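Numbering (this note's numbering), first residue to last: 12 to 48.
Working notes, beginning with the structure itself.
What follows is the structure, encoded as structure tokens:
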């Protein structure tokens, strides 16, 4: 089983009135490389 290093839950991000992320969840495991564009 791969070890979970980071868990992000219910992430929201706005730039002024523009919503760019809404209720985003991510699990990052050992050895993974992740980019959010």
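In this text, a Cβ means the ideal position worked out from N, Cα and C, and glycines have one as well.
It should be emphasised that the depicted structure is a prediction, and the values quoted were computed from it without experimental measurement.
Out of the options, which has the shortest C-alpha to C-alpha gap to residue i?
| i | options | result |
| --- | --- | --- |
| residue 21 | 30, 42, 35 | 35 |
| residue 32 | 38, 24, 17 | 24 |
| residue 16 | 46, 29, 38 | 38 |
Looking only at its own chain, which residues have a Cβ that is under 8 Å from the Cβ of residue i, when we skip the five neighbours before and after it?
| i | result |
| --- | --- |
| residue 14 | 40, 41 |
Going along the chain, which residues of its own chain have a beta-carbon closer than 7 Å to the beta-carbon of residue i, five neighbours each way excluded?
| i | result |
| --- | --- |
| residue 18 | 38 |
Enumerate in chain order the residues of its own chain whose CB-to-CB distance from residue i is below 6 Å, with the five nearest sequence positions on each side excluded.
| i | result |
| --- | --- |
| residue 46 | none |
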